[in-house]
Amino acid sequence: MLLAGIFFAMMNVSVKFVPHIPAIEIVWFRSVFSLVFTFVILRQKGIAVFGNHKGSLVIRGIVGSISLILFFYTLQRIPLASAVTMQYLSPIFTTILGVFILKEKVKPIQFLYFAMAFAGVLIIQGVDTRVDPLSAAMGIVSGLAAGIAYNMIRKLKTSEHPLVIVFYFPLVALPVASVIMIFDWVMPTGWDWLILLWIGFCTQSAQYFMTVAYQTGNLSRVSSISYMAVLYALIFGFILFGETFPFASYIGMALVLVGILLNLRVKH
Numbered sequence: 300m301l302l303a304g305i306f307f308a309m310m311n312v313s314v315k316f317v318p319h320i321p322a323i324e325i326v327w328f329r330s331v332f333s334l335v336f337t338f339v340i341l342r343q344k345g346i347a348v349f350g351n352h353k354g355s356l357v358i359r360g361i362v363g364s365i366s367l368i369l370f371f372y373t374l375q376r377i378p379l380a381s382a383v384t385m386q387y388l389s390p391i392f393t394t395i396l397g398v399f400i401l402k403e404k405v406k407p408i409q410f411l412y413f414a415m416a417f418a419g420v421l422i423i424q425g426v427d428t429r430v431d432p433l434s435a436a437m438g439i440v441s442g443l444a445a446g447i448a449y450n451m452i453r454k455l456k457t458s459e460h461p462l463v464i465v466f467y468f469p470l471v472a473l474p475v476a477s478v479i480m481i482f483d484w485v486m487p488t489g490w491d492w493l494i495l496l497w498i499g500f501c502t503q504s505a506q507y508f509m510t511v512a513y514q515t516g517n518l519s520r521v522s523s524i525s526y527m528a529v530l531y532a533l534i535f536g537f538i539l540f541g542e543t544f545p546f547a548s549y550i551g552m553a554l555v556l557v558g559i560l561l562n563l564r565v566k567h
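Just add 299 to the spot in the sequence shown (first one is 1) and you have the working numbering.
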């Protein structure tokens, strides 16, 4: 999960380096890269490309696509650390939904920790004028969709190869992005092509390591480790984009991180 976090962080930074390219177009290029790359590896390994439980795999692809599209939009609209913090509410949704989807247990004290994390997000949205309500809503819905996707990954852990699960992500996202992109296309030029290729590589690597982590570890614990991405985003945002925040925003981010780290310490 730490490896996945590093690749996701590099992906996030890369998306902000091409603000003139529409988010849906970035999703399209990323999906083409992932679809071709994953298909070739699956064929080489002799693994059935379309898997065994197609219904669950399609659901994972749909909610994963929704999450990624909304997240890329927020990355381009608001500061890096704010966007990542909003989207990384996903561990909370992952754990809560895991109660219903996977029958995993959540102790009452964990809901207090979840409330701390949500309070942190509300503080960030409230004190930072760069975070408008629409961007905040997109970030939260992105986190919810990711929470569903992570539960589907966990559900498929004994029946599907990690690369098959990764394959369904672009398989669903590509046709959706293709339709939307018709109305919002900007031709990449120069370095744009290399950055788009790098985004594809980073997301492919991150998706693979994340899928393996969710298939092999406890759901709430693995999802909590992903919160390292908030720290990565603060560092990269400051160094590369000169992003700073009101003091209260740092308090909000700290609340999110503390809430999740306390959740990580809960013994099941």
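Positions of the beta carbon are idealized from the N, C-alpha and C atoms, including for glycine. The model shown is predicted, which means the values in this text are computed figures rather than measured ones.
Going by alpha carbons, who is nearest to THR428 out of ILE391, PRO545, PHE332, VAL335?
PRO545
Euclidean distance between Cα positions of LEU493 and VAL326:
15 Å
Top-ranked residue by Cα proximity to ILE481, from LEU302, ALA322, PRO318
It is ALA322.
What's the gap between the Cα of MET415 and the Cα of VAL440?
Straight-line Cα distance between these residues: approximately 18 Å.
Measure the Cβ-Cβ separation of ILE377 and SER313 and say whether it is below 7 Å.
Not in contact: ILE377 and SER313 (Cβ atoms no closer than 7 Å).
Assign PRO469 to one of three DSSP states: helix, strand, or coil.
helix
Rounding to the nearest angstrom, what Cα-Cα distance links PHE338 and VAL511 in this structure?
18 Å
Kindly indicate which three-state DSSP category GLU459 falls into: helix, strand or coil?
coil
Given this structure, state the Cα-to-Cα distance separating ALA444 from PRO390, to the nearest angstrom.
11 Å
Going by CA-CA distance only, name the one from VAL475, ILE464, LEU388, LEU530 that's closest to VAL348.
ILE464
Beta-carbon spacing of THR384, MET552 below 7 Å:
yes
Within a Cβ cutoff of 8 Å, which residues of the same chain sit near ASP483, ignoring the five residues on either side of it in sequence?
PRO321, ILE323, GLU324
PHE371 to GLY489 span [Cα, whole Å]
21 Å
Just to confirm the assignment, what range does the alpha helix (DSSP H) spanning LEU388 have?
Unbroken run through LEU388: none, as it is neither H nor E.
Leaving out five residues before and five after GLN409 in sequence, what residues of the same chain have Cβ atoms less than 6 Å from its Cβ?
ASN562, VAL565
Beta-carbon proximity list for ALA382, same chain, < 8 Å, skipping 5 on both sides:
ASN311, PHE370, THR373, LEU374, ARG376, SER434, GLY438, ALA532
Which residues bound the alpha helix (DSSP H) around ASP491?
First-last of the alpha helix (DSSP H) with ASP491: 490-515.
On the three-state DSSP scale, how would you describe LEU401?
Under the three-state reduction of DSSP output, LEU401 falls in the coil class, being neither helix nor strand.
Classification of VAL335 by the beta-carbon crowding that lies within 10 angstroms, buried from 16 upward:
The residue is exposed, with fewer than 16 neighbouring Cβ atoms inside 10 Å.
Residue burial classification, ILE538 (beta-carbon count within 10 angstroms, cutoff 16)
exposed
Chain-order list of residues whose beta-carbon lies under 6 Å from that of LEU496 (same chain, five-residue window excluded):
Once the five neighbours on either side are set aside, LEU496 has no close Cβ partner at all.
Return the first residue and the last residue of the alpha helix (DSSP H) that TRP327 is part of.
322-344
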